[in-house]
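Numbering (the working numbering), first residue to last: 49 to 163.
In this text, a Cβ means the ideal position worked out from N, Cα and C, and glycines have one as well.
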């Protein structure tokens, strides 16, 4: 772990924040009918519904008066939001490391020039 890498706690906090942001974005885009978002969640729902047990639970909960589909959609959105958040945090960390390396190189060049 480099000196500028975040601690596991900092990474977890960043992932939590980014997941919340992504959840809100995805939910809003889905409600607005954004074609790409609808397709992404539709594909995830299709995969979910391939599981016989999951389908049976969905039917049972719906028959019991619960809005089971809304719960399933929320879970699917959380899963997609988590994936997007992890990619975003990884990208931020990569840029941070690249910037740190660039700073170290610049510092070494400056030290050599001043020597």
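Since residue i is in the alpha helix (DSSP H), which residue starts that stretch and which ends it?
i          : result
residue 64 : 56-80
residue 94 : 83-97
Hey, would you say residue i sits closer than 8 Å to residue j, going by beta carbons?
i           : j           : result
residue 92  : residue 124 : yes
residue 129 : residue 63  : no
residue 71  : residue 126 : yes
residue 117 : residue 107 : no
residue 96  : residue 102 : yes
Does residue i come out as helix, strand or coil in the three-state DSSP assignment?
i           : result
residue 163 : coil
residue 13  : Look at the range of the chain in this structure, 49 to 163, and you will see that residue 13 is not part of it.
residue 138 : helix
residue 146 : helix
residue 53  : coil
Can you find the residues in the same chain that come closer than 6 Å, C-beta to C-beta, to residue i, ignoring five residues on each side of it along the sequence?
i          : result
residue 77 : 85
residue 90 : none
In its own chain, which residues sit with a C-beta less than 8 Å from the C-beta of residue i, not counting the 5 before and 5 after it?
i           : result
residue 136 : 66, 70
Just to check my reading of the structure: residue i and residue j have Cβ atoms closer than 8 Å, yes? What is that Cβ distance to the nearest angstrom?
i           : j          : result
residue 139 : residue 54 : With 8 Å as the limit, residue 139 and residue 54 do not qualify as a contact, their Cβ atoms being about 13 Å apart.
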